[in-house]
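Participant: Chains as they are written, first to last, in the working numbering: chain F, 1 to 593; chain R, 1 to 107.
A virtual CB, placed ideally from N, CA and C, is assigned to each residue, including glycine.
Pasting a structure here, questions to come.
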């Protein structure tokens, strides 16, 4: 009897194992796309602007995407600002991300820290563990899982009715089945509003009835029906669990101590409003609305957190092999570009006289190559890559005329592509880099070019905010020039004039500190800036100029009808810096040694 | 006017004193039976104090949580920006699919 029971059990286990194995094999075969099979993909380019209000940074990425309903791939050809620091977990140039039903892949030509193939299913993100602006780029894979968990199928809401000419609405709720994996994010209920088989509004709720997402569709009326023109999406703020490495903080309340390894905080603070603008495009003889611009705002404010422009749509037929090849060809550095990178690493911040003869010849050949390279058909990202490489060669070779002309071209590329904020950031970084190479006269020439473009392409408020951030970055000298340029602007308000004059004073006083006490300069960036300033101007002139600036700033503050909190903070800052400077001067008089 | 008998007058005074004593007794009894007003107020305060204490603890915990989680905020900002890179691809997939409703893949 026992033997029979064991035999039955063994047969059952074997049968179940075979069934599971066959399901797995079937699924794999069903999901696998053979690398040689041709598939239709939509190819497009994108300019992605990312703002980080907390870190006060602005980054622009240039990418190409290939998308089909089953897979996608993205390849980053360039990112700005190039010179100086870029607020992102990895330098995005040559970064590739691919996703198909079997795996999520990350590959970088030079920085392999996040390279990897992550088999699907991707698993749960778990508590959020990153702090102080760090973030593992590889965690991006969980964003895909989160998005797929939120997807709604047409079959979930069923067919929409024709409601006739009267414009009558079809309004109904749908309860969705519970997610199999028990994840809380998947919507449990939908609220639908539709007219004439067309979705007007869709709201997604969780199991507790809390709104997860609200979507409103706007259509452009046409003879052959409505064409989706705009989507307005509201994402409410939501709780997120953050985890502490180690034991976590101890919080004492009323004498009772509690240790927390995890706490709950708020994600999407204030909510997010996302606007997607669509444009018509023809795919296989069918007119479809494709997203052409995505803009994400903080709550209901006008502050843009990030945006993506999608353009150059093209239907292409490629095998997965060809797609991979195409993505790498687009985003990876070619041999000439790699040589330029190697030269830059070898001669980083070295005097042009230190470049050996053979390398000089190589660089000159590269210069001829990049200058003569046709830009026809190049994306803006590829053109920026080319002009940045030319600037690198100019720095290494000490080519003043070339640098002026390439910088001018760099500014034009940014303005022609509506990247006016990057004119401020990227231009300032390139000028700073020129001064770090010790090419002060060239830096002066670039500063003149930059000031013209920066002030004409940006509104006064943007320039003032940028200059205020520049004080934190210790970019004082370019900010002084920018404030002088702003104060030339006609019809500047009293408030704007006060802020500009205050920033000017703060920058001048910090520069004076540097020149007056060179021993206090701790890093190479400050040393380069001090060297650049002192090549033209003495500490004494800086002090006099700062004195004039603070006098005028004080008068302007006194003339403000309703000073804001920002004005008062700035006024207090002026007073602090001024009294500190005066104290130091008194100390110097008392102790001239 | 009829002058009252002194005996009657004495009885009247005795009755009056008895009545006053009875009233005083009743008043005392009612005071001791019903819960003292001050005691009643103390109970309410105790509840309020418990609530206020809990609220104070909640506020303190929220404030401490805010301080303890402040370091995560810049990384959450970075997460949003990094995850946004998938948005064009995922949104386009939704647009190209006949099966999926375009609902914006939130980063």
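1. Tell me, please, whether the segment 51-68 of chain R touches the segment 38-47 of chain F by the rule of three or more beta-carbon pairs shorter than 8 Å.
2. In angstroms with no decimal places, state the Cα-to-Cα distance between residue 322 (chain F) and residue 72 (chain F).
3. Assign residue 492 (chain F) to one of three DSSP states: helix, strand, or coil.
4. For residue 213 (chain F), which of helix, strand or coil comes out of DSSP?
5. Taking 7 Å as the CB-CB limit, is residue 132 (chain F) close to chain R?
6. Taking the continuous beta strand (DSSP E) assigned at residue 250 (chain F), which residues delimit it?
7. Which same chain residues end up closer than 6 Å to residue 36 (chain R) when comparing Cβ atoms and leaving out the 5 residues on each side of it in sequence?
8. Using the Cβ count rule (16 or more neighbours within 10 Å means buried), how would you classify residue 96 (chain F)?
9. If you run the structure through DSSP and keep just helix, strand and coil, what is residue 207 (chain F)?
10. Return the chain-ordered list of same chain residues with a C-beta closer than 7 Å to the C-beta of residue 582 (chain F), the five sequence neighbours on each side being excluded.
11. Tell me, please, whether the segment 87-94 of chain R touches the segment 59-72 of chain F by the rule of three or more beta-carbon pairs shorter than 8 Å.
12. Does residue 358 (chain F) pass the burial test, meaning 16 or more other C-beta atoms within 10 Å, or should it be called exposed?
13. Does residue 106 (chain R) come within less than 7 Å of chain F when only Cβ atoms are used?
14. Buried or exposed, going by whether 16 or more other CB atoms sit within 10 Å of the CB of residue 87 (chain R)?
15. Just mark residue 62 (chain F) as buried or exposed, buried being the case when its beta carbon has 16 or more other beta carbons within 10 Å.
16. Under 6 Å Cβ to Cβ from residue 137 (chain F), same chain only, skipping five residues before and after it: list those, please.
17. Indicate whether at least one CB of chain F lies closer than 7 Å to the CB of residue 63 (chain R).
18. For residue 332 (chain F) versus residue 77 (chain F), is the C-beta spacing smaller than 7 Å?
19. Starting from residue 195 (chain F), follow its DSSP beta bridges and name the residues at the other end.
20. So what's residue 51 (chain F) in DSSP terms, helix, strand or just coil?
21. Under the rule that 16 or more other beta-carbon atoms within 10 Å means buried, what is residue 60 (chain F), buried or exposed?
22. Use the C-beta contact count for residue 79 (chain F): other C-beta atoms within 10 angstroms, 16 or more gives buried, fewer gives exposed.
23. Starting from residue 153 (chain F), find everything on chain R with Cβ-Cβ shorter than 8 Å and list it in chain order.
24. Which two residues bound the contiguous beta strand (DSSP E) that contains residue 78 (chain F)?
25. Shortest alpha-carbon distance to residue 337 (chain F) belongs to which of F:388, F:87, F:193?
26. With 8 Å as the limit, tell me which residues of the segment 82-95 of chain R have their beta carbon closer than that to any beta carbon of chain F; keep them in chain order.
27. Are the C-beta of residue 55 (chain R) and some C-beta of chain F separated by less than 7 Å?
28. Are the C-beta of residue 118 (chain F) and some C-beta of chain B separated by less than 7 Å?
29. Measure the Cβ-Cβ separation of residue 408 (chain F) and residue 471 (chain F) and say whether it is below 7 Å.
30. Run through DSSP, which three-state label would residue 187 (chain F) get?
31. Quick check on DSSP: helix, strand or coil for residue 57 (chain F)?
32. When you compare the CB positions of residue 515 (chain F) and residue 539 (chain F), do they come within less than 7 Å of one another, or not?
33. Under the three-state reduction of DSSP, which class applies to residue 66 (chain F): helix, strand or coil?
34. Which bits of chain R does residue 210 (chain F) rub up against, with CB to CB less than 7 Å?
35. Could you tell me the boundaries of the beta strand (DSSP E) in which residue 243 (chain F) lies?
36. Which runs of the alpha helix (DSSP H), 4 residues or longer, sit entirely within the segment 401-440 of chain F?
Facilitator: The relevant details are as follows:
1. no
2. 13 Å
3. coil
4. strand
5. yes
6. 250-253
7. A caution first: residue 36 (chain R) carries a pLDDT of 37, below 50, which makes its placement in the model unreliable, though a value can still be read off. Taken in chain order, the list of residues that qualify is empty.
8. buried
9. coil
10. none
11. yes
12. exposed
13. yes
14. buried
15. buried
16. 89, 90, 114
17. no
18. no
19. F:198
20. strand
21. buried
22. buried
23. 99, 100, 101
24. 72-80
25. F:388
26. 82, 83, 84, 85, 86, 87, 88, 89, 90, 91, 92, 93, 94, 95
27. no
28. No chain B is part of this structure, whose protein chains are labelled F and R.
29. no
30. coil
31. strand
32. yes
33. strand
34. The premise fails here: residue 210 (chain F) is roughly 14 Å from chain R at the closest Cβ pair, so nothing lies under 7 Å.
35. 238-243
36. 420-436
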